[in-house]
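Step one of this worksheet: look at the structure below.
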Amino acid sequence: MALSIFQFLLFSISNFFLASSFQDLLLLSVNAQSHNLTQPSVTPINFDLYHSSGNLMEEIRALVHRHPDKLTMETIKAGNKGYGAEVSVVTYCKEKKDNDERSKLRILLSFGQHGRELITTELALRILSILSEEKFLPSMDQASLNSALDKLVIKVVPMENLNGRKVVEAGDLCERRNGRGVDLNRNWSVDWGKKEKDYDPYEENPGIAPFSEPESQIMRKLAISFEPNLWVNVHSGMEALFMPYDHKNTTPDGLPLQRMKSLLEEVKHLHCQERCMIGSGGGSVGYFAHGTATDFMYDIVGVPMAFTFEIYGDGTASSRDCFKMFNPTDLATYNKLGDSNASILKPDKLVSIDEYLDGYLMERRNRYGKKLEVLELGMQEIRTYFRLFLLSSVLLLFMFCSRISKSKCRPIVSAIPL
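Its first residue numbered 1, the sequence shown is counted upward by one per residue in my numbering.
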């Protein structure tokens, strides 16, 4: 399902929807067998089939080196209070020219935000292999795909949480947080820090402040400078296609809702056999998530299509068996996952994306203007709180003056009884 969805996005966001066979997903070659080495009922990582974090990033670097005409790569480093992190970003853009990113539709994809979700990073490698044309989509005319890709700039973050991934590879297969125990998908500023009744710091520690973590700081700067037209945060643990919001049981109103819902329903119909859950993260999962990346991308960065895709989950796995819960563990499971009856779409059956983004670029410039490029931590939230403070001050001043005015009209009464 995962690769099929992203094939769909790569083609549709430029003008068309692309559908492909689920069988291509099998090329990821994933397999595994038990989790905690001290407990035989728990599935460990099979490194003969899954890449280690080091090997995966080295393979991506080699891929970029072989295709400088299509791919570039930068590694961004940041640190805070003695903790350092680095995030690698691969950019796909053919015929690179000055300001070329502004003349094309821009896609930002993030994988591996949670350390235990190895399958998402394998998908990132697979997508980059297709973009470089070292691997090909089945039953797809390459010329048609290239024509669509000419209109795109795609930034791929293959492994957002490298430090957390290393913790998983060292044996803690249930770890989702970064190298100092903060959940990177709770460290963003929209509705940051709120805790539900079932809050578990091992799962959802938001950090000491919004963007306290170097990884989140890097991703925020990347998003604000790139200004993507589409954002997808790729996770595993279930099969679902989520739009904002994660922190409340509502979705955006009006045209934005119609655009996102229509696109997700099309993806669900073509690739999920109606299995995938669709809706807001907060309204569909069964709990609210505060301080997520997708809510920030939609509310603060202003991305018109902001999604969280959950690409795989084993609901039968024990809560202890985290690797099996979040990642396919054998070829048979992958065969079942890839068994799709969705037809391969021909060029004459592709659907235009114009209805989803029509007029948005103009709306976005009017709404946010050029000042968004220098937007710093929480500026929009600060402005909102400042306005509320001013309003509250005016109301209090009015009440105070009104009380003084009334007191002047009353006779003076001694406080001491006579």
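Think of the CB as a built atom: it goes at the ideal place given N, C-alpha and C, for glycine as much as any other residue.
Item: Between the CA atoms of H269 and D150 - distance to the nearest angstrom; Value: 27 Å
Item: Those residues which DSSP pairs with W188 across a bridge; Value: Paired residues: none, contrary to the question.
Item: Neighbourhood of E95 by C-beta, 8 Å cutoff - its chain only, sequence neighbours within 5 removed; Value: D150
Item: Rounded C-alpha distance that separates A289 from V190; Value: 10 Å
Item: Three-pair Cβ contact test at 8 Å for the stretch 308–316 versus the stretch 227–239; Value: yes
Item: Beta-bridge pairing of T75 - partner residues as DSSP gives them; Value: S88
Item: Helix, strand or coil at I218 according to DSSP, with G and I counted as helix; Value: helix
Item: Neighbour-count burial assignment, D48, 16 or more Cβ in a 10 Å radius; Value: exposed
Item: Where the alpha helix (DSSP H) through H65 begins and ends; Value: S53 to R66
Item: C-beta atoms of D122 and H51 nearer than 8 Å; Value: Residue identity differs from the one stated: residue 122 is Glu in this sequence, not Asp. Yes, the pair counts as a contact, with Cβ atoms nearer than the cut-off.
Item: Spatial distance of I218 from S212 (CA atoms); Value: 11 Å
Item: Selected residue, minimal CA-CA separation from V153, among A317, V42 and F226; Value: F226
Item: Residues that K155 bridges to, as DSSP identifies them; Value: T91 and L108
Item: Contacting residues, own chain, Cβ-Cβ under 7 Å from R165 (five flanking each side not counted); Value: S53, G112, G115 and M159
Item: Selected residue, minimal CA-CA separation from G79, among I127, E169 and S216; Value: S216
Item: Nearest candidate by alpha-carbon position, reference V90, set E274, P304, G84 and L108; Value: L108
Item: Per-residue DSSP class, three states only, for S225; Value: helix
Item: Stretch-stretch touch, CB-based, cutoff 8 Å, three pairs: the stretch 191–205 with the stretch 67–86; Value: no
Item: Continuous alpha helix (DSSP H) stretch holding Y421: start and end; Value: Nothing can be reported for residue 421, as the shown portion of the chain is limited to 1 through 418.
Item: Whether F242 touches G281 by CB criterion (8 Å); Value: yes
Item: Beta-carbon separation (whole angstroms), L137 vs I60, contact threshold 8 Å; Value: Not confirmed; about 19 Å, so no contact.
Item: Extent of the continuous alpha helix (DSSP H) run through E122; Value: L118 to L131
Item: Short Cβ contact (8 Å threshold) for L56 with S132; Value: no
Item: For R186, the nearest candidate out of D299, P210, A306 and E74 (CA to CA); Value: P210
Item: T43 versus S262: straight-line alpha-carbon distance, rounded; Value: 38 Å
Item: Boundaries of the beta strand (DSSP E) in which H269 is found, first to last residue; Value: H269 -> not in any beta strand (DSSP E); alpha helix (DSSP H) instead, spanning G254 to H271.
Item: Enclosing beta strand (DSSP E) for A170 [first to last residue]; Value: Here A170 belongs to no beta strand (DSSP E), and DSSP marks it neither H nor E.
Item: Counterpart residues of M238 in DSSP-defined beta bridges; Value: Y312
Item: Secondary structure of N146, DSSP reduced to three states; Value: helix
Item: Those residues which DSSP pairs with F326 across a bridge; Value: F326 pairs with nothing; no bridge assigned.
Item: Same chain, Cβ closer than 6 Å to D299, five either side skipped, listed in chain order; Value: V190
Item: DSSP-derived helix/strand/coil call for V232; Value: strand
Item: Buried versus exposed call for Y287 [16 or more other C-beta atoms within 10 Å across all chains shown]; Value: exposed
Item: Residue from L118, G193 and K77 whose Cα sits closest to the Cα of F323; Value: L118
Item: Counted within 10 angstroms of its Cβ, other Cβ atoms place V303 as buried (16 or more) or exposed; Value: buried
Item: Residue nearest to N146 in terms of C-alpha spacing, selected from I130, K155, P228 and R320; Value: I130
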